[in-house]
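Mapped onto full-length UniProt numbering, the consecutive letters of the sequence shown carry residue numbers 1 to 104.
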Amino acid sequence: MTTDPTAAETAVLRYTVKPDHLDRHLRLLADVYAELDRLRPARFSWATYRIPGSRDFIEIATGHPLPGPLPGLPAFQRYRADLDDRCETRRFDNVTLIGAFGSA
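See the structure below:
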């Protein structure tokens with residue numbers, strides 16, 4: 001397998017939000033998605049999943065290069081400003097695509 005320098009990078013963030021921060025966290029995320037929807041950056045995708053019945057989240061960012069437009073967005077800056085304080089646990093990994101089929 002060869003590495004394509006123009007290929008998209010993918011990063012995964014898994015975290016658990018503290019109970020007293022969940023509502024604020026969801027509002028901040030909604031603001032980021034609203035800003036991304038307005039700007040529609042090319043070659044970038046970001047998805048956030050919540051595990052049902054929990055405070056556990058998974059974020060998947062794909063783009064070239066990462067972190068893409070996120071750091072420049074005011075809504076993301078607000079979201080990221082106290083993320084460490086809102087979370088009980090956090091784990092960030094760069095991942096390598098092994099295979100994929102279709103889209104949802």
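Glycine is no exception: its CB is placed at the ideal position from the N, C-alpha and C atoms.
Residues sharing a beta bridge with residue i, DSSP
{"i": "residue 58", "result": "14 and 49"}
{"i": "residue 99", "result": "Looking at the DSSP assignment, residue 99 forms no beta bridge with any residue, so it has no partner."}
Separation of residue j from residue i, as counted between CA atoms
{"i": "residue 78", "j": "residue 89", "result": "19 Å"}
{"i": "residue 21", "j": "residue 15", "result": "13 Å"}
{"i": "residue 99", "j": "residue 86", "result": "33 Å"}
{"i": "residue 83", "j": "residue 91", "result": "12 Å"}
{"i": "residue 102", "j": "residue 64", "result": "20 Å"}
{"i": "residue 57", "j": "residue 8", "result": "22 Å"}
Continuous beta strand (DSSP E) stretch holding residue i: start and end
{"i": "residue 92", "result": "87–95"}
Neighbourhood of residue i by C-beta, 7 Å cutoff - its chain only, sequence neighbours within 5 removed
{"i": "residue 29", "result": "48 and 79"}
{"i": "residue 76", "result": "32 and 70"}
{"i": "residue 2", "result": "Reliability fails at residue 2, whose pLDDT of 46 lies under 50, so the model's placement of it is uncertain and the value that follows must be treated cautiously. Result list for residue 2: empty, nothing under 7 Å."}
{"i": "residue 55", "result": "16, 17, 19 and 22"}
Span of the alpha helix (DSSP H) around residue i
{"i": "residue 81", "result": "74–81"}
{"i": "residue 117", "result": "Absent from the model: residue 117. The displayed extent of the chain is 1 to 104, so no value can be given."}
6 Å CB neighbourhood of residue i in its chain, flanking five on each side removed
{"i": "residue 94", "result": "11"}
{"i": "residue 35", "result": "73 and 75"}
{"i": "residue 13", "result": "59 and 92"}
{"i": "residue 41", "result": "69"}
Given residue i as reference, the closest of the options once Cα atoms are compared
{"i": "residue 26", "options": "64, 59 and 42", "result": "59"}
{"i": "residue 67", "options": "53, 50, 46 and 57", "result": "46"}
{"i": "residue 81", "options": "9, 44 and 24", "result": "24"}
{"i": "residue 44", "options": "61, 37 and 50", "result": "61"}
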